[in-house]
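Let me begin by presenting the structure, written as structure tokens, before commenting on it.
2 protein chains.
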Amino acid sequence: MTDINSDVRSILIKNVQLNGKETSIYIEGNTITEIGGPKLEADTVISGTGQAAIPALINTHTHAAMTLFRGYADDLELFDWLSKKIWPLEHKLTPDDVYWGTRLACLEMIKTGTTCFNDMYWHMTSAARAVEDSGIRGVISGVVFDNFDPEKGEKEFKRCVNDIKELRDNTGPRVIASFGPHAVYTVSNELLEKLTKHAQEHDMLIHIHLAETEKENLDYIEREGGRPVEKLAELGFFGANVICAHGVWLNEKDIRTLAEFDVKISHNPTSNMKLAIGSAIPYEQLTAAGLTVSLGTDGCASNNNLDMFESMKVATLLQKFHTNQQTVMPAHEVFEMATINGARSLRLDAGEVAEGKLADLLLVDLKHPSMVPNHDLISNLVYSANGSIVRTTICNGKILMLDRKVEGEEEVIEKCQEHAARLVND
Amino acid sequence: MTDINSDVRSILIKNVQLNGKETSIYIEGNTITEIGGPKLEADTVISGTGQAAIPALINTHTHAAMTLFRGYADDLELFDWLSKKIWPLEHKLTPDDVYWGTRLACLEMIKTGTTCFNDMYWHMTSAARAVEDSGIRGVISGVVFDNFDPEKGEKEFKRCVNDIKELRDNTGPRVIASFGPHAVYTVSNELLEKLTKHAQEHDMLIHIHLAETEKENLDYIEREGGRPVEKLAELGFFGANVICAHGVWLNEKDIRTLAEFDVKISHNPTSNMKLAIGSAIPYEQLTAAGLTVSLGTDGCASNNNLDMFESMKVATLLQKFHTNQQTVMPAHEVFEMATINGARSLRLDAGEVAEGKLADLLLVDLKHPSMVPNHDLISNLVYSANGSIVRTTICNGKILMLDRKVEGEEEVIEKCQEHAARLVND
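Chains as they are written, first to last, in the numbering used here: chain A, 373 to 798; chain B, 373 to 798.
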């Protein structure tokens with residue numbers, strides 16, 4: 373196994389299936405430099421026999437450290453769930469809890485073929501450290517809420533800007549800092565304007581929840597006298613750097629506005645169904661308008677795992693069920709949502725196994741029962757597989773999992789068991 | 373590993389978690405004989421450290437050999453899918469294809485923790501042989517269609533009765549023969565009456581598709597002048613031995629009638645969503661009426677896997693989404709659907725890890741990232757796990773998988789690749 377900080381500079385994957393043909397893949401530094409080339413040696417040589425190379429998956433909406441709450445509170449009314457279960461635990465979370473919760477999330481992602489995630493949670497510098505130590509990529513947003521209190525808004529904004537600076541000073545290129553204004557029902561227009569300006573000046577991504585429930589739209593209209601999308605557009609909030617999680621309760625005009633600004637949508641089908649939010653994303657309308665729709669799992673309190681293979685299947689099942697069409701969101705589109713559309717949303721030159729792209733890729737087991745027969749690889753990946761078909765995970769040119777083994781996984785499991793027990797029992 | 377036909381008579385599982393406590397499980401012959409007893413030795417001793425014992429899962433609606441069609445035809449309109457893709461392949465299926473297709477299904481089930489399935493497909497004697505050779509349990513139904521042609525009906529009925537006799541003469545207690553009248557749109561009332569009588573005389577289960585689509589109900593009403601449930605009740609078709617797959621398009625009166633006869637419902641959430649059948653089972657009404665609702669995957673052409681862990685999650689997600697309630701079908705209920713309700717539907721003394729029950733059980737990995745932390749085991753099993761958490765699968769007191777290894781799995785994979793390629797390319 374490659375140490376993520378080692379000097380290994382090149383990897384050769386031999387006899388691997390890529391797009392239906394056997395070939396070799398050569399990785400130098402953090403980049404795929406040659407496919408099917410003549411090279412026979414490298415610092416590390418991997419046999420790809422019986423395996424296919426596919427791009428690693430990209431999860432565009434998570435609250436990673438909430439792995440610690442997995443299974444703690446299910447099957448409850450939304451408000452009971454939040455007020456009696458989730459908020460009291462979150463109140464007790466320490467930076468160290470967030471570090472280990474995020475490590476568990478990263479471990480689960482590596483084992484299920486995800487190498488980049490777009491996160492929004494407390495203690496961003498602890499989450500960033502966990503990403504650094506795990507070897508994957510993370511877009512880590514500084515969460516801000518002001519609950520419409522200007523004084524709190526000022527304080528939160530400063531804290532967030534400081535956290536972002538600290539993060540940037542202490543992490544490498546796999547960690548990207550962004551802004552995470554929580555949602556229009558927790559953040560005032562004034563704070564949104566201020567952070568938009570800061571994000572534009574520093575060319576930063578913004579990650580926000582939008583149009584998850586009908587109620588949040590109706591409450592906003594009552595308070596502000598217009599729909600959230602309309603008002604946010606007026607504020608100058610939208611741009612190609614904005615990723616909206618959920619985007620379910622959008623009307624035609626909302627969709628036109630979002631498309632005009634090239635806003636990115638992260639679809640979270642499992643969470644939407646588990647929390648019974650009452651509708652599904654208007655997928656055909658969003659894509660017809662040219663919007664980039666990617667895929668997320670949401671946090672482990674509302675999913676309860678981070679397996680993007682499962683989310684791909686749930687996404688297309690939900691869309692078929694919701695629209696009464698067997699043909700909508702075919703397998704290749706949902707696979708693009710989980711790969712290239714995620715890369716585009718997070719501004720990464722990844723999401724494809726091709727020369728010149730970042731070396732973020734997977735080797736999947738073609739002899740796993742769920743992958744047999746292989747009439748159509750993409751169909752098997754979307755409709756039959758789960759994360760356990762991934763044998764090897766490579767991120768940024770480093771091997772993070774080889775033949776399903778991840779360095780140090782036992783420690784992560786043990787530490788998380790301890791931290792979760794303390795949270796619940798204290 | 374235990375040979376499924378070997379003389380090993382006893383298994384001791386030590387230091388295993390059961391219902392939240394560490395204990396031991398002693399199996400003698402095909403039965404769990406002692407839990408937490410004093411025995412320290414057995415023919416085979418397994419360490420259960422870091423694992424929990426749970427009942428093996430029971431899949432109450434499959435077309436097992438359709439694993440050979442996995443990924444062959446997705447994202448198509450229902451009629452195109454059947455007429456252009458599925459039927460032409462089925463026309464070419466040989467008994468040997470069905471044998472190997474069913475072997476692949478059994479392998480996938482063993483690897484994902486299912487030890488019993490309720491099947492409906494062509495060449496029942498080949499399917500039965502595959503069950504015998506795999507070591508799991510199967511209720512194998514003789515499919516009958518007459519398409520309302522009395523001559524064909526007579527011929528099909530005779531063939532089916534002969535097949536059932538052949539199957540019973542050649543298989544042991546793990547294979548149960550049943551009748552599989554396909555559905556009310558392919559089988560005449562006359563043929564249904566005839567086979568009902570035969571099933572009653574021989575105390576046999578009956579497996580039928582019912583109320584999957586609205587169209588089949590409307591067509592039936594036009595042809596017969598009444599709803600399918602009403603007319604089948606008049607025919608004397610219903611009884612506690614009848615398992616209806618789907619049961620989606622049922623009204624209040626239908627539900628009362630089905631409850632009156634203790635008919636069993638097999639819910640197939642993934643298939644229902646993928647085929648966009650337009651609604652979901654009326655779960656609360658069915659259970660309020662006292663009906664036994666179990667869980668199925670349906671065949672691999674409409675799912676496309678046989679992982680019952682995934683189906684448990686999809687079932688509760690679908691019900692929550694469809695009814696707009698976060699609280700409906702909580703984790704423990706969906707777990708019962710996949711275990712004890714399946715056992716009840718198929719008349720097996722299984723579905724629980726308890727003294728006196730059939731030794732059909734699993735050891736699951738509590739250190740798998742998706743199972744950490746362990747705030748609630750049942751929640752993790754339903755909402756976070758997939759079949760890859762199963763380390764060891766035991767059926768009828770024999771170890772079919774130990775530490776994820778199944779004897780002969782490579783041969784099954786190879787044979788199925790060959791058979792699938794021949795089907796598609798010939």
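C-beta: ideal position from N, C-alpha, C; glycine also.
Within 7 Å, strictly: CB atoms of residue i and residue j
i, j, result
"B/I385", "B/I418", "yes"
"B/V784", "B/R475", "yes"
"B/S513", "B/M492", "yes"
"A/A731", "A/S742", "no"
"B/E528", "B/D535", "no"
"B/A673", "B/I407", "no"
"A/L577", "A/S550", "yes"
"A/L718", "A/T765", "no"
"A/I637", "A/C616", "yes"
"A/V744", "A/A424", "no"
"B/H747", "A/G671", "no"
Cross-strand partners of residue i (DSSP beta bridge)
i, result
"A/G485", "Answer is none; A/G485 lacks a bridge partner."
"A/M773", "A/T765 and A/V778"
"B/Y398", "B/L384 and B/E406"
"A/L730", "A/T403"
"A/A648", "None; A/A648 has no bridge partner."
"A/R794", "Answer by DSSP bridge pairing: none, since A/R794 is not bridged."
"B/Q389", "B/E394 and B/A424"
"B/S419", "B/K386"
"A/D738", "One point to set straight first is that residue 738 of chain A is Leu, not Asp, in the sequence displayed. In the DSSP output, where bridge partners are listed per residue, A/L738 has none listed."
Cβ-based neighbour list, residue i, same chain, cut-off 6 Å, excluding 5 preceding and 5 following
i, result
"A/I548", "V511"
"B/E588", "Y557"
"B/T486", "L429, N431 and M680"
"B/I383", "I399, A414 and T416"
"B/A555", "H581"
Endpoints, beta strand (DSSP E) assigned at residue i
i, result
"B/D541", "Counting along the chain, B/D541 falls outside any beta strand (DSSP E), though it belongs to the alpha helix (DSSP H) covering P522 to N542."
"A/Y804", "In the structure displayed, chain A extends from 373 to 798; residue 804 of chain A sits before or after that span and is not available."
"A/I637", "K636 to H639"
"B/H618", "V614 to H618"
"B/A549", "V547 to P553"
"A/V515", "R509 to V516"
Span of the alpha helix (DSSP H), counted from its first residue to its last, around residue i
i, result
"A/Q691", "M680 to T695"
"A/G714", "I712 to S717"
"A/F588", "Residue identity differs from the one stated: residue 588 of chain A is Glu in this sequence, not Phe. A/E588 -> alpha helix (DSSP H) spans E586 to E596."
"A/H579", "Per DSSP, A/H579 belongs to no alpha helix (DSSP H); it is in the beta strand (DSSP E), I578 to L582."
"B/S498", "M496 to S506"
"A/T629", "E624 to E632"
"B/T568", "N561 to E573"
"B/K603", "P600 to L607"
Nonlocal neighbours in the same chain, by C-beta distance under 7 Å from residue i, ignoring five residues either side
i, result
"B/S751", "A703"
"A/N713", "T664, V665 and S666"
"A/T374", "At A/T374 the pLDDT is 44, less than 50, meaning the model places this residue with poor confidence and gives no usable figure here."
"B/S651", "V620 and W621"
"A/T395", "V388, I407 and G408"
"A/N402", "L730, A731, N768 and G769"
"A/G507", "I376, C767, K770 and L772"
"A/E586", "W621 and G650"
Check: residue i C-beta below 6 Å from any heavy atom of the ligand SAM
i, result
"B/H433", "What this structure holds is no ligand at all, so the ligand SAM is not there to describe."
Chain-order list of residues whose beta-carbon lies under 8 Å from that of residue i (same chain, five-residue window excluded)
i, result
"A/H639", "H618, G619, I653, Y655, V665, S666, L667, G668, A687 and M709"
"B/I499", "Checking the displayed sequence, the identity of residue 499 of chain B turns out to be Ala instead of Ile. Closer than 8 Å at the Cβ level, and outside the excluded window around B/A499, lie A436, A437, V470, Y471, T474, D491, Y493, G510 and I512."
"A/D468", "S498 and H791"
"B/L412", "L384"
"A/G544", "E504"
"B/E594", "none"
"A/E727", "I404, T405, E406 and I407"
**Prompt:** Where are the beta strand (DSSP E) runs, 3 residues long or more, that stay fully inside the segment 428-493 of chain A, in chain order?
**Reply:** Entirely contained in the segment 428-493 of chain A, the beta strand (DSSP E) runs reaching 3 residues are, in chain order, 429-434 and 486-493.
**Asked** In chain order, which beta strand (DSSP E) runs of at least 3 residues are fully inside the segment 650-682 of chain B?
**Response** DSSP runs (the beta strand (DSSP E)) wholly in the segment 650-682 of chain B: 664-667.
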